[in-house]
Structure formats: structure tokens, C-alpha cells
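Residue numbers (the UniProt record's numbering): 1 to 357.
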């Protein structure tokens with residue numbers, strides 16, 4: 001299991017251990033009806049659902065921060081429209097988390113009484129909520145990406161202030177590129193959506209045309225003979241669907257950009273690097289030790305201070321190497337540690353066998 005999957009499990013253990021033990025027991029008791037592979041698939045689905053819900057919990061404070069900055073920092077009509085949609089998505093996310101929290105309580109009360117709650121859990125919660133979870137996450141990613149492209153980058157200021165000097169050169173990018181575009185792709189590679197977002201990033205106007213051919217002609221006009229840097233963040237292998245035709249359609253308008261333009265793709269999927277690369281991929285290492293330590297404290301305490309607790313700092317120093325410099329791991333685990341600033345809780349995390357997964 002990779003680090004991100006491990007951390008996803010760790011981040012959920014505080015709230016999900018009773019549910020997980022109950023689910024595992026229920027799966028075992030139903031073993032005679034299913035094959036062993038079905039058991040493993042079901043356990044994986046339970047774990048994936050809780051991991052996804054934990055990621056949603058971690059995302060909501062950032063979304064509230066973005067909403068606050070948009071309300072106070074912009075009077076643009078397009079931003080106002082995006083803001084309403086983002087508030088709706090946040091509300092749906094909170095409803096989904098409330099629904100799952102209610103079911104956890106229900107399981108605690110009824111779970112040991114019979115197997116019927118688990119059958120309901122499988123049919124209603126696992127099967128039903130996966131689509132809801134994916135839909136909400138995609139909406140949040142899409143809307144926050146659009147707002148950031150409208151100039152609302154404040155949600156990442158603390159991280160950028162800390163990390164950016166260590167991860168970028170002294171070159172001023174705006175003097176090199178005519179356009180700098182950042183798009184959050186996630187696991188929904190929709191050519192029409194992505195094309196609209198690129199156009200919006202170029203024009204600062206929300207497009208209303210839904211015809212892909214018209215959109216691509218509009219994008220071609222925006223990028224023609226310009227030197228641009230486009231970042232496609234968190235791309236998954238669905239970008240390669242239809243034998244790579246989706247990827248080729250998306251890239252078509254960029255054929256006339258100026259020499260020196262760059263397209264940077266970030267991904268955790270090896271298949272993506274093999275399918276889209278034009279040069280050897282760069283495998284990112286973790287942040288440098290001291291920079292990562294500062295960011296870890298920021299995630300746990302909300303500042304670079306260590307809460308003036310030498311015992312917690314000592315435990316934290318032992319935890320940090322296990323995260324291998326990953327900002328995502330620091331964010332996820334930092335939230336869990338911040339919920340209980342007792343040495344016993346921190347030692348439990350440090351000594352957990354989950355690190356060996």
C-alpha cells in the first residue's frame with residue numbers, strides 16, 4: 001500500500017475504528033455466502049469510502065476560507081455566480097458527512113444486534129454514497145479551480161509563503177510566459193469542461209457555449225502564437241480513455257502556441273506518465289526536512305509554533321520522517337493530531353502498526 005493510501009486509513013481511524021471492526025466482523029460472518037475475493041473487495045470499498053469522506057472533511061475548511069475571501073475580495077458578477085455554486089456544493093458535502101455520521105451512530109447502537117444493519121450498510125451507504133462522494137468532490141475541485149483562476153489564490157498563501165521559495169527558481173514566470181494556466185483535472189477528464197476552464201482562465205469570463213467545436217476554436221484564438229505555461233494538476237488515467245483520443249482532442253487547440261510553451265502534468269498514476277509524456281517524467285521527492293517540519297507544525301497547530309510543548313514536539317519529530325516529506329500526508333495526519341493534543345494520542349499514532357502497511 002502506498003503512503004497516500006496508508007495516510008487515508010490512518011486519518012479515519014479515530015472516528016471509524018468501531019465501524020471498521022463491526023464491518024470486518026460482519027464480512028467474516030457472511031463469508032459463507034461470498035468468495036474470498038469478494039470479502040477483500042468489500043473491505044477495500046469500506047476503506048475507500050471512509051478515506052474519501054476524510055478527504056472531504058479536510059477539504060471543507062479550505063472551501064470555507066475560499067468562500068470568505070471571495071465574498072470580501074471580489075465584486076465580479078462571474079465570481080458571485082461561482083460562489084453560489086460553491087456554497088451549494090459545500091452544503092451538499094456537509095449533508096453527506098452528516099448522513100454518514102448518523103449511520104456511524106446507528107451502527108454503534110444496532111451493529112452488534114444482527115447482520116441486517118451491515119446488509120443495509122452495503123446496499124445503501126457503500127453503493128449509494130460512492131457516487132454522491134465523487135460528485136461532490138468533483139464539484140468542489142472544479143469550482144475552487146475556477147475561482148482560483150479568477151485571481152482568488154489566498155487559500156494557499158500560508159503554504160506558498162513557506163514552501164514556494166524552496167521549490168521554485170528565482171525566475172519571474174510572468175516575464176517568460178504570456179499566459180499561466182492552472183487546472184485541477186482530478187478523475188473526471190471531460191474535454192468540454194477542461195476546455196471551458198482554460199478559456200475562462202485566459203479571458204476571466206465564464207463561457208456559456210456547450211459546443212466542443214466552438215469552444216476549441218475560441219481557445220485556439222486565445223492561445224494562438226502565445227507562449228504559455230499550462231499546469232494540469234492531479235490527472236488520472238481516464239484521460240487516456242478511448243485509446244487516447246480524449247487526450248488528443250483536448251490538446252488540439254495548443255498546436256499553434258509559441259515555441260517555448262510548456263504543459264506540466266502532475267499525476268500519481270504511472271500509466272498517465274507513459275501515455276502523455278514527451279520527455280522523461282520527474283519523480284518528485286518530499287520536501288526538505290526543515291521546510292517539511294515547519295509545514296507539519298502549520299498543519300497541526302495552525303502556525304509554525306509547536307504549542308510550546310516539548311513532549312509533543314519530540315513525538316512529532318519521530319512522526320515526521322514516516323511521512324516522507326509529503327504535504328498531503330502532513331495535512332491529513334496533522335488534522336488527526338490536532339484533534340487531541342495529548343501525548344498518549346500522539347504516541348498511539350506513532351506506535352501504530354498501520355505505518356507498516
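Built from N, CA and C at the ideal position, the CB exists for glycine as well.
Using 8 Å for Cβ pairs, my map puts residue 97 next to residue 56. What's the rounded Cβ distance?
Correct: roughly 6 Å between the Cβ atoms.
Closest Cβ-Cβ distance between residue 83 and chain B: below 8 Å?
The structure shown contains no chain B, having only a single protein chain.
What residues in its chain sit with their C-beta under 7 Å from that of residue 246, if we drop five residues either side in the sequence?
Counting only residues of its own chain and dropping the five nearest sequence neighbours on each side, residue 246 has a CB closer than 7 Å to the CB of 189, 191 and 239.
Span of the alpha helix (DSSP H) holding residue 338?
Run containing residue 338: 327–338, per the alpha helix (DSSP H) assignment.
With 16 other Cβ atoms within 10 Å as the buried cut-off, status of residue 251
Exposed: under 16 other Cβ atoms inside 10 Å.
Do residue 178 and residue 220 have their CB atoms nearer than 8 Å?
Their beta carbons are not under 8 Å apart, which means residue 178 does not touch residue 220 by this criterion.
Which of the three DSSP states is assigned to residue 348 in this structure?
Helix.
Look up residue 261 in the DSSP assignment and say whether it is helix, strand or coil.
Note: residue 261 maps to coil in three-state DSSP.
Determine the DSSP secondary structure at residue 359, reduced to helix, strand or coil.
The shown model of the chain, from 1 to 357, leaves out residue 359, and the question about it has no answer.
For residue 272, collect the residues of the same chain with a Cβ closer than 8 Å to its Cβ; drop the 5 residues on either side in sequence, then sort them by chain order.
Cβ neighbours of residue 272 beyond the five flanking positions: 235, 236, 237, 239, 240 and 265.
Rounded Cβ spacing between residue 93 and residue 136 (contact assumed at less than 8 Å)
Rounded to the nearest angstrom, the Cβ distance from residue 93 to residue 136 is 5 Å, consistent with a contact under 8 Å.
Identify the continuous alpha helix (DSSP H) that holds residue 220 and give its terminal residues.
Under the DSSP assignment, residue 220 falls in the alpha helix (DSSP H) whose first and last residues are 212–223.
Beta-carbon proximity check, residue 59 vs residue 140, cutoff 8 Å:
When the beta-carbon positions are compared, residue 59 and residue 140 come within less than 8 Å of each other.
With DSSP collapsed to three states, give me the class of residue 162.
For residue 162, the pLDDT reaches just 43, beneath the cut-off of 50, and the residue's location in the model is therefore unreliable, leaving the point undetermined.
Whole-Å CB distance - residue 263 paired with residue 232, under 8 Å assumed:
In this structure residue 263 touches residue 232 by the C-beta definition: roughly 7 Å separates them, less than 8 Å.
Where does residue 279 fall in DSSP's three states?
In the structure shown, residue 279 adopts coil according to DSSP, grouped into three states.
Go to residue 179, then tell me how far its beta strand (DSSP E) extends in each direction, as first and last residue.
Boundaries of the beta strand (DSSP E) around residue 179: 179–186.
Have a look at 269, 270 and 226 and flag the residue whose alpha-carbon is nearest the alpha-carbon of residue 255.
Comparing alpha carbon positions, the residue from 269, 270 and 226 closest to residue 255 is 226.
Drop a sphere of 10 angstroms on the beta-carbon of residue 215, count the other beta-carbons inside from all chains shown, and report buried for 16 or more, exposed for fewer.
Classified as buried, residue 215 has 16 or more neighbouring CB atoms from the shown chains inside 10 Å of its CB.
Within its chain, find whatever has a CB closer than 6 Å to the CB of residue 253; leave out the 5 residues flanking it on each side and keep chain order.
So the qualifying residues of the chain are 216, 219 and 220.
Give me the Cα-Cα distance between residue 325 and residue 283, rounded to the nearest whole angstrom.
Straight-line Cα distance between these residues: approximately 13 Å.
N-terminal and C-terminal residue of the alpha helix (DSSP H) that residue 284 is part of
It is not in any alpha helix (DSSP H) - residue 284 carries neither H nor E in the DSSP assignment.
Taking its Cβ as the centre, do 16 or more other Cβ atoms sit within 10 Å of residue 146, making it buried, or is it exposed?
Counting Cβ neighbours within 10 Å, residue 146 comes out buried, since at least 16 surround it.
Tell me which residues share the same chain as residue 243 and place their Cβ nearer than 8 Å to its Cβ, disregarding the 5 neighbours each side in the sequence.
Cβ contact annotation for residue 243 (same chain, cutoff 8 Å, sequence separation greater than five): none.
With H, G and I counted as helix, E and B as strand and the rest as coil, what does DSSP make of residue 232?
Residue state, collapsed to three classes: strand.
Verify whether the separation of the beta carbon atoms of residue 330 and residue 292 is less than 8 Å.
Yes; because the gap between Cβ atoms is below 8 Å, this pair is in contact.
Backbone CA spacing between residue 261 and residue 332 [nearest angstrom]:
Taking C-alpha positions only, residue 261 is separated from residue 332 by approximately 35 Å.
Backbone CA spacing between residue 312 and residue 347 [nearest angstrom]:
Distance between the alpha carbons of residue 312 and residue 347 is about 9 Å.
DSSP three-state assignment for residue 190, whether helix, strand or coil:
Of the three classes helix, strand and coil, the one that applies to residue 190 here is coil, per DSSP.
Cβ shell of residue 335 (< 6 Å), same chain only, five flanking positions each side left out
Short of 6 Å from the beta carbon of residue 335, and not among the five residues preceding or following it, lie these beta carbons of its own chain, in chain order: 58.
Three-way DSSP call (helix, strand, coil) for residue 323 in this model:
Here residue 323 sits in helix by DSSP.
For residue 89 and residue 338, what's the separation of their Cα atoms in angstroms?
When rounded, the separation of the alpha-carbon atoms in residue 89 and residue 338 is 26 Å.
Supposed contact pair residue 53 and residue 138 - C-beta distance, whole angstroms, cut 8 Å
Not really, about 15 Å apart at Cβ, beyond 8 Å.
Rounded to a whole number of angstroms, what is the C-alpha to C-alpha distance between residue 201 and residue 181?
So the two alpha carbons sit approximately 6 Å from each other.
State the Cα-Cα distance for the pair residue 99 and residue 61, rounded to the nearest angstrom.
In this structure, the CA atom of residue 99 is about 19 Å from the CA atom of residue 61.
Straight-line Cα distance separating residue 187 from residue 275:
Their backbone Cα atoms lie some 16 Å apart in a straight line.
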